[in-house]
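Visitor: Here's a structure for you.
Residue numbers (my numbering): 287 to 633.
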């Protein structure tokens, strides 16, 4: 995942949220997400699918006809939504399904490519039906791109303390993969946000106070040099590690919040995400985007640091290692602390 900016962003998170030890105590009993891993149907290999249907005003739609079709066997099952607008298929054979919803006065809704694994209980996001036009019957197909776009919009509302952008975390374990265009959009959005520059200004102030990179000097000139370097660090990290490499390698740059399991399992998962990540195919794989992105960003930063603070490959390797350690710490903060301070709104 992209850390903005590399290494030094951690100082701000430490100041805002306290120590990790306090966070671990506060999160000893986490609330599982509806579609996070770990919710399994006991003693059976079957899966279940459920959700709710609402109208354009987010009111419950009762009596809607909901049909699920196994794309391999063509077997279909049909239920109607209850008075709360909910539907459920409690005993499905694992596989890939297409879900279709129809209700009088609304345009039909359909979503394909829903993958259910053995023992999984999948809770879909609320399905919002659109009013049917008087002139034609229109089938509305909710594609994977549309789902990713909707989830991306939700992520872009996530801010720590309603100020600092926290766009590179998703609280939906089964979030749709992003297209290359969506990855670049997210990267540019994060690195041009006013909250990012406020964060960068604070980092430059801390570096000025500690006289980090003495070659920049002091006074206003030294401060703005540090501010520029910190901004460049954040931009290169976002573009290389968050957009360019993930697009080329078909990897997801986001942190997938787990929220379930023991504290130990969550700690190990969070730390592991600096070296493993979800691919666009939904499978976990080596996180080449993060590892190579840290090296590339560190190498570029060595070109504009003061000459007195450059030490060739040593600075590059040191900064890459710091970036990796910072990424692990950032993941721990995401898993145990930042969710409390990051309101996330469903679009």
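All residues carry an ideal CB built from backbone N, CA and C; glycine is no exception.
Can you have a look at residue 544 and say buried or exposed, based on whether 16 or more other CB atoms are within 10 angstroms of its CB?
Guide: Along the chain shown, one-based indexing puts residue 544 at 258. Classification of residue 544: buried, given that the 10 Å Cβ count is 16 or more.
Visitor: Ordered along the chain, which non-local residues of its own chain (more than five positions away) have a Cβ less than 6 Å from that of residue 552?
Guide: Start at 1 with the first residue of the chain shown, and residue 552 comes out as number 266. Here the set comprises 544 and 621.
Visitor: For residue 625, which three-state DSSP category applies?
Guide: Indexing the chain shown from 1 puts residue 625 at position 339. Three-state result, residue 625: helix.
Visitor: Check whether the segment 490–499 touches the segment 463–475, taking contact to mean three or more Cβ pairs, one atom from each stretch, closer than 8 Å.
Guide: At 8 Å Cβ cutoff, the stretches do not touch.
Visitor: Near residue 532, which residues of its chain fall below 7 Å by C-beta distance, leaving aside the five closest residues on each side in sequence?
Guide: Your numbering for residue 532 matches position 246 in the chain shown. Closer than 7 Å at Cβ, skipping near neighbours: 469, 538, 539 and 575.
Visitor: Please report the straight-line C-alpha distance between residue 536 and residue 462, rounded to a whole angstrom.
Guide: Stepping through the chain shown from its first residue, residue 536 is reached at position 250. Stepping through the chain shown from its first residue, residue 462 is reached at position 176. Looking at the two C-alpha atoms, the distance is approximately 13 Å.
Visitor: With respect to the alpha helix (DSSP H) encompassing residue 432, which residues constitute its N-terminal and C-terminal limits?
Guide: Residue numbering aside, residue 432 sits at position 146 when the chain shown is read from its first letter. Looking at the DSSP string, the run of the alpha helix (DSSP H) that includes residue 432 is 430–441.
Visitor: Along the chain, where does the beta strand (DSSP E) containing residue 345 start, and where does it finish?
Guide: Sequence index remark: in the chain shown, residue 345 carries index 59 (1-based). Taken as a continuous stretch (DSSP letters only), residue 345 belongs to no beta strand (DSSP E), as it is neither H nor E.
Visitor: How long is the line joining the alpha carbons of residue 422 and residue 391, rounded to whole angstroms?
Guide: Stepping through the chain shown from its first residue, residue 422 is reached at position 136. Stepping through the chain shown from its first residue, residue 391 is reached at position 105. At residue 422, the pLDDT of 48 sits below 50, so the modelled position is not reliable; the number obtained from the coordinates is stated separately. Residue 422 and residue 391: Cα-Cα distance of roughly 12 Å.
Visitor: Give the secondary structure of residue 370 by DSSP, where H, G and I count as helix, E and B as strand, and everything else as coil.
Guide: Looking up residue 370 in the chain shown gives position 84. Here residue 370 sits in coil by DSSP.
Visitor: Taking contact to mean 3 or more Cβ pairs, one atom from each stretch, closer than 8 Å, check whether the segment 601–611 and the segment 572–591 are in contact.
Guide: Cβ pair count under 8 Å is three or more, so yes.
Visitor: Hey, quick one: how far does the beta strand (DSSP E) through residue 336 stretch, first residue to last?
Guide: Mapped onto the chain shown, residue 336 falls at position 50. Element bounds for residue 336: 333–340.
Visitor: Please report the Cβ distance between residue 455 and residue 555, rounded to the nearest whole angstrom; I am assuming they are in contact, meaning their Cβ atoms lie under 8 Å.
Guide: For the purposes of this step, residue 455 is taken as residue 169 along the chain shown, with counting starting at 1. For the purposes of this step, residue 555 is taken as residue 269 along the chain shown, with counting starting at 1. With a Cβ gap of about 13 Å, residue 455 and residue 555 do not count as contacting.
Visitor: Return the residue from the list 432, 384 and 459 that minimises the CA-CA distance to residue 658.
Guide: Since the first residue shown for the chain is 287 and the last is 633, residue 658 is missing from the structure and cannot be characterised.
Visitor: Going by beta carbon distance, what residues of the same chain come within less than 6 Å of residue 501, once the five residues before and after it are set aside?
Guide: As a position in the chain shown, residue 501 is number 215, starting the count at 1. Contacts found: 592, 594 and 595.
Visitor: I need the DSSP call for residue 539, collapsed to helix, strand or coil.
Guide: As a working mapping, residue 539 is identified with position 253 in the chain shown. Coil at residue 539, not helix or strand.
Visitor: Inspect the beta-carbon positions of residue 430 and residue 401 and report whether they are closer than 7 Å.
Guide: Mapped onto the chain shown, residue 430 falls at position 144. Mapped onto the chain shown, residue 401 falls at position 115. Not closer than 7 Å, so no.
Visitor: Please state if the CB of residue 338 and the CB of residue 406 are separated by a distance shorter than 7 Å.
Guide: Residue 406 sits at position 120 when you count from the first residue of the chain shown. Residue 338 sits at position 52 when you count from the first residue of the chain shown. Contact: no.
Visitor: Could you please give me the residues that DSSP links to residue 712 through a beta bridge?
Guide: There is no way to answer for residue 712, as the model of the chain reaches only from 287 to 633.
Visitor: So what's residue 447 in DSSP terms, helix, strand or just coil?
Guide: As a working mapping, residue 447 is identified with position 161 in the chain shown. DSSP places residue 447 in coil when its eight states are reduced to three.
Visitor: Are residue 614 and residue 560 touching if we call contact CB-CB under 7 Å?
Guide: If you number the chain shown from 1, residue 614 lands on position 328. If you number the chain shown from 1, residue 560 lands on position 274. Against a cut-off of 7 Å, the Cβ pair of residue 560 and residue 614 comes out as a contact.
Visitor: Give a yes or no on whether the C-beta atoms belonging to residue 245 and residue 362 are separated by under 7 Å.
Guide: The displayed coordinates of the chain run from 287 to 633. Any statement about residue 245 would go beyond what the structure contains.
Visitor: Just verifying my parser: in three-state terms, what is the DSSP assignment at residue 478?
Guide: Your numbering for residue 478 matches position 192 in the chain shown. Residue 478 falls in the coil class under three-state DSSP.
Visitor: Contact defined as beta carbons within less than 8 Å: I believe residue 386 pairs with residue 396. What is the distance between those atoms, to the nearest angstrom?
Guide: The residue labelled residue 386 in the question sits at position 100 within the chain shown. The residue labelled residue 396 in the question sits at position 110 within the chain shown. Indeed they touch by this definition, with Cβ atoms about 5 Å apart.
Visitor: Buried or exposed for residue 534, going by 16 or more other Cβ atoms inside 10 Å?
Guide: On the chain shown, position 248 is the one that residue 534 refers to. That one is exposed.
Visitor: Excluding the 5 residues preceding and the 5 following residue 452 in the sequence, name in chain order all residues of the same chain whose CB lies nearer than 7 Å to its CB.
Guide: Locating residue 452 in the chain shown gives position 166, counting from the first residue. Cβ neighbours of residue 452 beyond the five flanking positions: 444, 445, 446, 624 and 628.
Visitor: Between 389, 365, 388 and 346, which has its C-alpha nearest residue 371's C-alpha?
Guide: The residue given as residue 371 occupies position 85 in the chain shown. Minimum Cα distance to residue 371 is reached at 346.
Visitor: Under 8 Å Cβ to Cβ from residue 491, same chain only, skipping five residues before and after it: list those, please.
Guide: Within the chain shown, the letter at position 205 stands for residue 491. Same-chain partners within the cutoff: 509.
Visitor: So, for residue 293: in the same chain, excluding its five sequence neighbours on each side, which residues have a beta-carbon less than 6 Å away from its beta-carbon?
Guide: Position 7 of the chain shown holds residue 293. In this predicted model, residue 293 has a pLDDT of only 39, less than 50, meaning its place in the structure is not dependable; the value taken from the coordinates is given anyway. Excluding sequence neighbours, residue 293 sits near 608, 609 and 612.
Visitor: Label residue 489 either buried or exposed according to how many other C-beta atoms from any shown protein chain fall within 10 Å of its C-beta, with 16 as the threshold for buried.
Guide: Here residue 489 refers to the residue found at position 203 when the chain shown is read from its first residue. Buried, since its Cβ has 16 or more Cβ neighbours within 10 Å.
Visitor: Considering residue 577, what are the terminal residues of the alpha helix (DSSP H) in which it resides?
Guide: Taking the chain shown and counting its residues from 1, one reaches residue 577 at position 291. Residue 577 -> alpha helix (DSSP H) spans 574–587.
Visitor: Measuring CB to CB, does residue 257 end up less than 7 Å from residue 353?
Guide: Residue coverage of the chain in this structure runs from 287 to 633, which leaves residue 257 outside it and unanswerable.
Visitor: Here's the rule I'm using: 16 or more other beta-carbon atoms within 10 Å means buried, otherwise exposed. How should residue 524 be labelled?
Guide: Working through the chain shown from its first residue, we reach residue 524 at position 238. Burial call: buried.
Visitor: Pull up the distance between the alpha-carbon of residue 477 and that of residue 433, whole angstroms please.
Guide: The sequence position of residue 477 within the chain shown is 191, counting from 1. The sequence position of residue 433 within the chain shown is 147, counting from 1. Taking the straight line from one Cα to the other gives about 24 Å.
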